[in-house]
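Heads up, the thing below is written out as structure tokens.
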Amino acid sequence: MITVALSKGRLFDDFVSYLEKYELYKYSKVLKDESRALYTIVDNIRFIFAKGPDVPVYVERGVADIGIVGSDIIEEEVFSYLNVSELPFGKCHFALAGPPDVEHFNTVASKYTNIARNYFNEQQQPVSLIHLNGSVELAPILGLADGIVDIVQTGNTLRDNGLLEYERILDVQARLIANKQTFYTKEDSIYEFLSEIGVIG
Amino acid sequence: MTNNKFILQRLALGQKYLEQLDDSGYTLVDMNMIEPFSIDDKYHHPTSVVFERNNAMYAIRSDWTRTLLNFNSNFYSDDKRFGYFGPVVRENESFYQAGAEIYKAAEKDIIEALLMHMNFVEECAETQIKTLVINNDQLIDLFIEKYKLPDSVRQLIYTKNISELRQQLGKDHDLYKIMSAKVSDQFKMVSEIFGDTEVMQAITHLKAKISSQDRKFILDLSFRSPQNYYNGLYFQAFLNSNSPILSGGQYNSNAFGIALNLTDGGLL
């Protein structure tokens, strides 16, 4: 038995669609039916449903052998695991955004302050960063910050709030990560699953 | 298990282990947990808790290997084999560690020490060690040199980033084929390319001595040791726990260390 930690939300829906594309209906059908459960078991795989930032924690600690998580999460925090493969879904990007006509960003709000700090350091641009837990678009509207660093999918949320994308900072997509120890101790089951979902082979 | 039994069992294991080292001719060492520390040591011992007293830097012992090096530089011992048992502190946590250090260790000394420790673990656990994982960074140097790869490929190997390796090298590249194969197949695949090198010869000899039907011997180029001062062969061995029961490797020019995990390696 191996345990696969899945990020809840949009990435979960994308993973189910990915499974259907590979005609892995034995997984996709059960996962769709269990969207409110904490975990479900299909054959030799236990799927657990977790918040995105918690998936690397489960994998690092060996509670889960494999995790499916957005690269935004693993770029923001430092964990110890195997960063095995990108997956062809969950594509979006980080952007620096703000109201029209901003000439210089002095204060920037973000949920992802490490990614934002790395970006501004690379640009050799000193800014003051403010950490927010969500709805970061409010920050420039209310005057808390000149701009934001956030994930952009369609751009609709920015447009709806009168904000423009100034810089594309980093591409984001789903990744498959694995625990360092159980990759050895449960090798056969892990490779069988990786092969089944098209990551290797 | 009650806490009393857990504590007593750990002490009994530590004593049994030290007695075995004593019988095998090792010099046993016990030292103060507070050690003089140079800030330059922080690179090799990043988890050490460091503090200042009377204009001098000190650290709480975080690694017995460093303790033993201090011991030898202070006491100019001619002994070559040392054994220890006691706590170490890393970040905010303490762990119990027992182990051995061998200076001027030849290949046969390394194999002998590893076999002795594996036998000790298996006798105490009454079960076989399931997996032994091994690596040597010099193998990655060989790949980089032979295939003229950029140094950035190291990070992709360390994190087993198969998709990026496929993108950068192509799916027909030897390194990609090795990295995407099952880890238990890597030894054979790497041997086919670098089997006549000194590094692979040493790993082959070790495999021949310690492999058995129930023990999985894995060479994995992605395997990293938590101790970044190892500069030759390094390994971890697992019972049924996610944490290794044994870990160690070669450091400096010809020293070898091996440690027994008496916290969460699966013996208690």
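Taken in order, these protein sequences are the chains called A and B. Numbering of the first sequence is given in full-length UniProt numbering, commencing with residue 1 and proceeding in unit increments. Numbering of the second sequence is given in full-length UniProt numbering, commencing with residue 1 and proceeding in unit increments. The beta carbon of each residue, even a glycine, is placed where N, CA and C say it ideally should be.
Check, Outcome
"Using a Cβ-Cβ cutoff of less than 8 Å, which residues in the same chain neighbour A:Val4 once the five nearest sequence positions on both sides are dropped?", "Ile45, Arg46, Phe47, Ile48, Ala64, Asp65, Ile66, Gly67, Ile68, Phe193"
"What does B:Ile178 reach in chain A if we use C-beta pairs closer than 7 Å?", "Near B:Ile178 there are no residues of chain A at all, since even the closest Cβ is about 12 Å away, more than 7 Å."
"Can you look up A:Met1 in the DSSP assignment and give me helix, strand or coil?", "coil"
"Using a Cβ cut-off of 7 Å, pull out every chain B residue sitting near A:Asn118, in sequence order please.", "Result: empty, since nearest Cβ-Cβ is about 16 Å, beyond 7 Å."
"Which residue's Cα is closest to the Cα of A:Pro99: A:Val127, A:Arg117, A:Leu163, A:Asn118?", "A:Leu163"
"Which of helix, strand or coil does DSSP assign to B:Lys171?", "coil"
"So what's B:Leu13 in DSSP terms, helix, strand or just coil?", "helix"
"Can you tell me where the alpha helix (DSSP H) holding B:Lys146 begins and where it ends?", "137 to 147"
"Is there a C-beta anywhere in chain B that falls below 8 Å from the one on A:Ile200?", "yes"
"What residue from A:Phe183, A:Val199, A:Ala178 has the CA that sits closest to A:Phe79's CA?", "A:Ala178"
"At a cut of 8 Å, does the segment 134 to 149 of chain A reach the segment 83 to 91 of chain A through at least three beta carbon pairs?", "no"
"Which residue comes first and which comes last in the beta strand (DSSP E) that contains B:Met57?", "56 to 60"
"Check whether the segment 117 to 132 of chain B and the segment 34 to 48 of chain B are in contact - that is, three or more C-beta pairs closer than 8 Å.", "no"
"What are the boundary residues of the alpha helix (DSSP H) that includes B:Glu101?", "It is not in any alpha helix (DSSP H) - B:Glu101 instead sits in the beta strand (DSSP E) that spans 93 to 102."
"Whose CA, out of B:Lys108, B:Leu69, B:Ser243, B:Asp63, lies closest to the CA of B:Glu91?", "B:Asp63"
"Check for me: the beta strand (DSSP E) holding A:Ile190 runs from which residue to which?", "It is not in any beta strand (DSSP E) - A:Ile190 instead sits in the alpha helix (DSSP H) that spans 187 to 196."
"For a quick check, are the C-beta atoms of A:Leu6 and A:Phe12 less than 8 Å apart?", "yes"
"Output needed in chain order: residues of the segment 233 to 245 of chain B with a Cβ under 9 Å from some Cβ in chain A.", "Gln236, Phe238, Asn240, Ser241, Asn242, Ser243, Pro244"
"Report the start-end ranges of each alpha helix (DSSP H) in the UniProt domain \"ATP phosphoribosyltransferase catalytic\" (53 to 197) of chain A that is 4 residues or longer and not cut off at the edges.", "55 to 60, 71 to 76, 113 to 122, 138 to 141, 156 to 160, 182 to 185, 187 to 196"
"Of all Cβ atoms in chain A, is any one closer than 8 Å to the Cβ of B:Thr159?", "yes"
"Taking B:Asp81 as part of the beta strand (DSSP E), name the residues at either end of that continuous run.", "The sequence shown places Arg at residue 81 of chain B, not Asp. Per DSSP, B:Arg81 belongs to the beta strand (DSSP E) from 81 to 90."
"List, in chain order, every chain A residue whose beta-carbon is nearer than 7 Å to that of B:Lys182.", "Glu187, Tyr191"
"Could you have a look at B:Thr204 and say whether DSSP puts it in helix, strand or coil?", "helix"
"In terms of DSSP beta bridges, what is B:Glu52 paired with?", "B:Met57"
"Can you round the beta-carbon distance between A:Lys111 and A:Val136 to whole angstroms, since I take them to be within the 8 Å contact cut?", "6 Å"
"Would you identify the three-state DSSP class for B:Ser191, choosing helix, strand or coil?", "helix"
"Cβ of A:Leu96 within 8 Å of Cβ of A:Gly147?", "yes"
"In whole angstroms, what separates the C-alpha of A:Gly9 from that of A:Leu170?", "21 Å"
"What is the DSSP secondary structure of B:Ser38, reduced to helix, strand or coil?", "coil"
"Give me the Cα-Cα distance between A:Thr113 and B:Asp185, rounded to the nearest whole angstrom.", "41 Å"
"Who are the near neighbours of B:Lys42 in its chain, counting only those whose CB is closer than 8 Å to its CB and skipping five residues on each side?", "Ser48, Val50"
"List the DSSP bridge partners of B:Ala237.", "B:Leu132, B:Leu246"
"Tell me whether B:Leu28 sits in a helix, a strand or coil according to DSSP, three-state version.", "strand"
"Where DSSP assigns a beta bridge to residue 202 of chain A, which residues make up the other side?", "This structure does not reach residue 202 of chain A, given that chain A is present from 1 up to 201, and the question cannot be answered."
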